[in-house]
Each structure stands twice: as C-alpha cells, then as structure tokens.
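Structure first, commentary second.
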Amino acid sequence: MYVFACMFLDSSASDVGASSANAAAAGEAVNCAAMYSKSDRPLLFGGVYEGCTGSRCQPRQDEWSELCNPAKQPPPFRGYAICSEQQTTAVFEQLRNQPDFATMEKFKPCALYTYLKGRTLWVWGDSLMRNYYYALRCFMLDFWDHAKGECAPNPRTSVQRAIYSAADTNISSSMGSRAVTDVPKCLYLLDGGRICWVQSVRGEEFAAQDAQNPGVLQVLQNTVAKSDDIFFLNFGRWHYTNCHGLQGGPYRQSLNNLGALYQRTKAQFPNMIFKTISADHTACRPTAALVKDQCLPSAQGSYPAMRGRHIVSIAEQILGRYGVPILDTYNVTKEMHLGHILLPEGGVQDCTHYCSPGVPEWEIWNMYKAIRRFGITPLTSQAAVQGHPACAPVTDIRPPPGWSYYLDEVTRNRSRAADSKPQQQQQQQQQQQQQQQQQQQQQQQQQQQQQQQQQQQKAGAPDSQAQTKKMQPRSESQSNNTTASRKPGHQQQQKQQQQQQQQQQQQQQQQKKKGQQQQQQQTMKGEAQGKQRQPAAKKQPPAS
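In terms of the numbering used here, the sequence shown opens at residue 2 and continues consecutively.
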C-alpha cells in the first residue's frame, strides 16, 4: 500500500471546511454513478484503472485505458509517460508530511466531476499542461465516452482553425526552440460537459492588445466558450531556462495583457485560474550548458536556486493587481527531481516534464481545491444537462497543411530532402560510371603504350647491338643489359640527336670553308689594290 500526502500551497485555502472537503472528496455528497472498490493504489494515483466496479465503467481493453495502466508502462508519447513504482514512491515520500494526506487519499473522480458537469474545463498552456491533461484524462477515465474518443472544440473547420491560429506561435523559446502546436481536442463527459486541451506555449498568444489579431482567450470567448466555463491556464516555461535566465520583457507584457483582459471580461467569464510554473530540475554546467543525463536537486543544479521562485513572484505581482486567481504549486514541486520522465532504455528524457502517477496527479488535487476556494460552484442539474455539439473526431494532433507556418516549413524541408535524394543517388551513379570509364580508358592507354614500347624495342634492337659493339671496353653482356634498361623512345631520341649533331658539324664545316674562301679572295684583292695605289718616289731637294 502506498503512503502519501499533499498540501494546498495557498494558506487561504483553509476557508474550506474540513468536513465538507472530506465528504466531497470521498464522493459521499454526490450521486456518483461509477463506484470504485478498494485498490492497492489511491484512485488519484492509478487506482482508477483497476478499481472500477460500477455498471458505467469504461472498457479496460481499449487503447485509452491501456495508456493509463500504471503497471504496464507504455513508451513515452508527446511528453507523457508512466512512472516506475520507485518514482511514484519517491513522490509520495516527499508528500508524506503534508497536512492534506488523509483528504487526498479519499479523493474520487466523481467529486471533481460534480464541478465539471455541464461546463467545459479548458486546460491550456505548454507541454507541461499537456501532461496535466493526460493525467486528467486517466483520472476521469470512466466519465467520458471512449467510443467517441477526442473531439474538436467545434465541428466547423473555420472555428477550429481560428482557435489554432490564435494559439500557434512563431516566437522561439529562450533557447531558440520552436513548437509544433497540437490541434485542440476535447473529451465529452457522459452527462454533459467537456475537458478540452489547447496548447499555446508563449504568453504573447494568450491575450492580445490588438483586437484585429486576438489571442486565444479572446477567440474562445467569441466562439465556443460559455460564461460558466473554467479556464485553467499557465505559461512561463517557454520564457526562461535555468541556464539562460528569463526573457523578462515579453513575460511581463504577456501577464499584463492577460490580467487586463480578465478584468474587462470577468463579469461574463469569471472562472479563470492561472497556475504558476512547476519546478524545472535541468542542471547547468559552469559554461551554462545543459546537463541532460540526470535530474539534480535545485541546490545542486549550478543555477540560482531562487530563479524559478522569481518567475512565480513576477506572475503573482502582476496578475494580483488585476485580481486574477492564482494557484501556486512551485515550492513543493521544487523537491520532486525524482519524478521526471525516464527513458525505457535507461536515463532521463528530460528534467522538465513529470511522469504519472506523480506530480501531475498532485496538481489535479490542487486544482480541485482551487476551484472550491475561488467560489466556483457546481451547476444546477437543469443547467448541467445540455447537449454536446456534434463530435468531429481528432485522430491526428498535427494540424492540416496551411495551418502552421512552422510545420509547413518543416514539411517542405523534408519534402525537398526526399525529392533531392533520388537526384543525389543518380548523380552518384553517374559519377561512378564516369570513374569506371576513366579507369577503362587508362587501362587501354597503358596497354597501347606497352604495345608501342614492345614494337620500339624490337625495331631498335639492331642499332642497339651495333652501338654496343663500338663501345669499348664494355663486354657484350653489359651492352645487352644497358640496351634492355633503356626507356621507350630513348634510342630514337639518340638517333635524332646524332643526326642533328652531324648536320651541325656539316654546317659548321661548310661555314668554315666559306669563311676561308672569303678570306683568300679578300687577300688577293688587297694585294692588287696595293700595287695600283703605291705612290711614286719623292724627289730629293737639291743640296744647298
């Protein structure tokens, strides 16, 4: 038997009487159609799966129920995973000394159903809130129609797209991450009412100052939401990280926009609860790099231990000025570093999301108490019995083409990569063929060269032998070795050189003869001219 406890963080929750809380939690004050027998687990922490004995129990063999089986541990999907028994026990150990242990131990789904019947609970935020929605889907396992599955908030495609477009974001996280937003979807409760999930990761998308570009809350209020609905929402995780700090400006502006919208519309839509962030146990290295192999207590995480608390304080200060109801669960989750999602092969998936049953179920208990504390009351039986809109089944959480700019961009890139793959393969084949052709050509050239060499060697053999005979004092064997060692074409080059030398010698001899002849001719001419030009002997003057 598991032993556990929990507490409601806000001290003002004491205005709820203990006796009425116990009665409501146990389901004694409501007509609960689905009754549960005693289980080894509390109903909130997995006992619902094995404890239902009433006539309206939903089937336990379908995939909806199998995902909620705490003993089976299916693979993680979309940030949701079943805790190991050791993890759930570790969470209980942290909650053991909390004052609401006995009350939470008796908490039944029908107690929460009393407040949801006839209205829509909008669970809305980032992937941690999606974990919360999945935990809520399992806790309320016997109060929604498994045959219908999950339905769109409205059967009209135009309304679905309007909600999605308002919730979707092109703004990156503080680490540069992008999100592919889930398609909104709802569980139809059996006797009227819904639990709807809307993903929106950034606070900028919740409420907008520009009426021409409304936020999610404005679109819901203008299309499918009713005044009795409950908005249970959260943002903040995509505005900060333990290792890189807070994007303070956008976070504060988003809180102010949400508070101002609540103040303007609370007369018509009064039931809104803002849940603060849960603790993140992603540790940091001294270089601000993330530690991904283990989740560490906040005191050992190499980041300011009060960073998360500071994020919560900002939300409380800003939203408090507008009178927005706030549920703060941060301090207790700060000690839950062992409650995160593990990988089947070992190690942690991340230190942000929590597994079930564990922290998400404890958050359900705190939401239930916040609903009661902030004065949200069950609807009358007449108001609660109302028809559902037609169910448009949601079978794919990814949006249709054209709805999400980011997903369309990712799809286009993948498509380009897939299209370019055959071209790359064809190019590789062509390159291989070219290489093979080049190799064949090289081989043919080598063969031709070898044949030419052989022919040249045969043609040049007599000359070579003749030359070796003239070379003295080398032996015949030395001459043959020398001839065989010569490179192809060497003999022919020698012949050409010899011929050139002979021609040069002949030309030199001819030039020499011409020069001699020219000298002789010039000598003979000079002698003849000397005889003709010789002056007569001068007469001697007479003696004086």
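Ideal placement from N, C-alpha and C gives every residue a C-beta, glycine not left out.
State buried or exposed for residue i, treating a residue as buried only when at least 16 other CB atoms are found within 10 Å of its CB.
i	result
L137	buried
S486	Here the model assigns S486 a pLDDT of 42, short of 50, so the residue's position is not dependable, and the following value carries that caveat. That one is exposed.
G347	exposed
L344	exposed
D63	exposed
S478	Low confidence applies here, because S478 scores a pLDDT of 42, under 50, leaving its location unreliable and the question unanswered by this model.
G204	buried
Y37	buried
R475	Its pLDDT being 45, under 50, R475 is placed unreliably in this model, and the coordinates cannot settle the point.
M130	buried
Y133	buried
S405	buried
T334	buried
Q473	Its pLDDT being 47, under 50, Q473 is placed unreliably by the model, and nothing is read from it.
Q248	buried
S382	exposed
H311	exposed
G28	Summary for G28: the model assigns pLDDT 46, below 50, so the residue's position carries little reliability; its value from the coordinates is reported in the next sentence. By the neighbour-count rule (16 or more Cβ atoms within 10 Å), G28 is buried.
Y252	buried
A371	buried
N98	exposed
S66	buried
K149	exposed
K109	buried
Q453	exposed
D409	exposed
M307	exposed
D211	exposed
Are the beta-carbon atoms belonging to residue i and residue j less than 7 Å from one another?
i	j	result
K276	L328	yes
C352	C84	no
A316	N258	no
W123	F232	yes
P71	P358	yes
L142	V49	yes
C285	Y263	no
A82	I398	no
W125	V199	yes
V325	E151	no
Y369	L113	yes
G260	Y323	yes
P379	T115	yes
A268	G309	no
Name the DSSP bridge partner or partners of residue i?
i	result
K186	W198
P298	The partner list for P298 (beta bridge, DSSP) is empty, contrary to what the question assumes.
L380	L380 pairs with nothing; no bridge assigned.
S357	I83
M273	F232
L328	K276
H341	Y355
P394	C152
Y37	C53
G246	T242
W145	L190
V349	L343
Residue i CB to nearest chain C CB: under 7 Å?
i	result
A168	Annotation note: the requested chain C is absent from the structure, which comprises a single protein chain.
Could you give the first and the last residue of the continuous alpha helix (DSSP H) run that contains residue i?
i	result
V124	Premise fails: V124 lies in the beta strand (DSSP E), T121 to G126, not in any alpha helix (DSSP H).
A112	P110 to L117
L262	G249 to T266
A167	T158 to A168
M105	F102 to E106
A226	No alpha helix (DSSP H) contains A226, which DSSP labels as neither H nor E.
I320	The sequence shown places Leu at residue 320, not Ile. Here the alpha helix (DSSP H) through L320 covers R308 to R322.
E336	Neither: E336 is in no alpha helix (DSSP H) and is coded neither H nor E.
W404	Where W404 is concerned, there is no enclosing alpha helix (DSSP H), given that its DSSP letter is neither H nor E.
S178	Careful: S178 lies outside any alpha helix (DSSP H) and carries neither H nor E.
E622	A query on residue 622 cannot be resolved here, the shown segment of the chain reaching from 2 to 545 and no further.
Inspect the CB distances between the stretch 100-119 and the stretch 181-195 and report whether three or more fall short of 8 Å.
-> Here the stretch 100-119 lies against the stretch 181-195, with 3 or more beta-carbon pairs under 8 Å apart.
Is there contact here, the stretch 157-175 with the stretch 80-100, by at least three beta-carbon pairs under 8 Å?
-> No, the stretch 157-175 is not in contact with the stretch 80-100.
Contact between the stretch 437-450 and the stretch 217-233: three or more CB pairs below 8 Å?
-> Judged by Cβ distances under 8 Å, the stretch 437-450 makes no contact with the stretch 217-233, as fewer than three pairs qualify.
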